[in-house]
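Quick note, the sequence shown lines up with residues 493 to 742 if you use my numbering.
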Amino acid sequence: MRTRYIGQQLIEFPSVSSTNKVAAEQLALSKLQHGAVVLAHEQTAGRGQHGRSWSSAKDLDLTFSIALLPKRMKVAEQFVLVSLSALAVHEVVHALQPADVRIKWPNDLLVGRRKIAGILIKTEVIGQLVQSAIVGIGLNVNNNVLDVDMNATSLKLVTGISHDRHELLDRICEALERRLTRWEDDEEDGIAELSALLWSRGAWADLLLDGKLVKGRPLDVERSGKLIFELETGDVMALGTERVCFAGRQ
Ligand code: BTN
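Following this line, the structure appears as structure tokens:
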């Protein structure tokens, strides 16, 4: 891997329950260095956002978790983990499939209306600082069976060819490390880029606002991670994931 730290420690398993879970366990035992990657060729209990599960095909998809031990990331800045990891995955997918790859706030990757990747991040915080983070990434790579599911797709389905999962892993790690280094140097946090790539930006979408279905038009993402959107009434709001999300299955 052409990186300084992400992926330099690579722990590979044929099968685990969830790479996020294994990474958390290994981190608690101080067995992971900054940038360690836990990779599994099968997850039997993959985790998704909002307590949902994440399914992937054995030996066909990419499921891994990156452990980060940031030195001076403030809690208030932690959305940068979401933005930069989504942008890193976007960069790699977009290079192979340039058409219509977007980031569905906060950090799902969609090709058209179908989800190709998901990211699940857990942070440990002490005081004002992020002590550690586990960035779990699931990318549908060579999965063929997703075509029965209208909401999901894979790199193979959108490009028509199979892809090398280790090569993709390398590229994502490189992209994330480059973006994190840039952020450490000059605080470039990718917010403008993330906003520009926002799925449904400027278009009416179904949102759940405090559990109620409403029409909303995503406009931008704030540095704090809040989604700025317009309601049909013309009101503009900026809210976090605890109050608003896209309605639907993704
Ligand atoms: C989502 O879109 O709901 C997030 C999905 C995140 C899936 C990845 S796969 C690797 C890591 N291990 C898990 O159990 N989940 C994440």
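Quick reminder that beta carbons are idealized off the backbone N, C-alpha and C, glycines included.
This one's a predicted model, so the numbers in the text were calculated from it and none came from an experiment.
The beta carbon of Q589 sits closer than 8 Å to those of V603, L647, V650 and T651, all from its chain and outside the five residues before and after it, given in chain order.
Secondary structure of E680 (DSSP, three-state): coil. Under the DSSP assignment, T555 falls in the beta strand (DSSP E) whose first and last residues are L554 to L560. The shortest C-alpha to C-alpha distance from I653 to any of T536, Q518 and L552 is the one to L552.
DSSP places Q525 in the coil class of the three-state scheme, outside both helix and strand. Residue pairing of Q535 in beta bridges, as defined by DSSP: V508. Segment contact: the region 536 to 543 against the region 521 to 528, fewer than three CB-CB distances shorter than 8 Å; contact not assigned. In the three-state DSSP reduction, K513 falls in the helix class (H, G or I). For the pair E666 and T511, the CB atoms are not nearer than the 8 Å cut-off. Under the criterion of beta carbons closer than 8 Å, F571 and S716 qualify as touching, at roughly 6 Å. Taking 7 Å as the cut-off, one finds at least one heavy atom of the ligand BTN near enough to the beta carbon of F556.
Straight-line measurement puts the Cα of V584 at about 10 Å from the Cα of E659. Distances from the CA of L579 to each of K566, L601 and L560 were compared; the closest alpha carbon is that of L601.
L668 is a Cβ neighbour of L576, given a cutoff of 8 Å.
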